[in-house]
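Visitor:
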Amino acid sequence: MRGRIVVRDAVVQKVAEHVAATAVHAPPRRVRVSVGGSPDGVIVNITAPVPVPALDDTEAIAAATSVLDAAASVQRDVQQRLSSALGQDVIRVNLTVNGASAPQRRRVR
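Last residue of the sequence shown: 112 (the numbering used here), numbering continuous.
#1: Does the count of Cβ pairs from the region 48-64 and the region 27-36 closer than 8 Å reach three?
#2: On the DSSP bridge assignment, give the partners of residue 48 in chain order.
#3: So, with DSSP's three-state summary, where would you put residue 103?
#4: Which value, in whole angstroms, describes the spacing of the CA atoms of residue 100 and residue 50?
#5: Judging by CA-CA distance, which residue of 61, 94, 104, 105 is the nearest neighbour of residue 41?
#6: Helix, strand or coil: which one does DSSP assign to residue 54?
#7: Within a Cβ cutoff of 7 Å, which residues of the same chain sit near residue 86, ignoring the five residues on either side of it in sequence?
#8: Go through its chain and collect everything with a Cβ distance to residue 64's Cβ below 6 Å, but skip five positions before and after it.
#9: From 105, 6, 88, 35, pick the residue whose C-alpha is nearest to that of residue 59; which is it?
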């Protein structure tokens, strides 16, 4: 069977926003995503905080990677997840770090 599947830009945008927010462990309101296309595939630009361990967790801080390593990990994760979800090649993921995102502690009442 021959044919093609067209995914609307708005759908690609929403999926990219969700994948990026999940990858950086930040609420979607703190993540900005723009998606562009080229003949070779999809290009994603993300502005988001980079995930860091909780500041009171000394073991997690000692085991944490550098900001550059964390950013590269986010780029790879977004590229793999989006490629899989969209069924298209994601040829580039640009990440601009605009802060840090530590895990939120929930208060128990």
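By construction, the Cβ of each residue, glycine as well, lies at the ideal position given by its N, Cα and C atoms.
Owing to the predicted nature of the structure, the values given are computational and were not obtained by experimental measurement.
Guide: Let me lay it out:
#1: yes
#2: 37, 97
#3: strand
#4: 6 Å
#5: 94
#6: strand
#7: 92, 93
#8: 56
#9: 105
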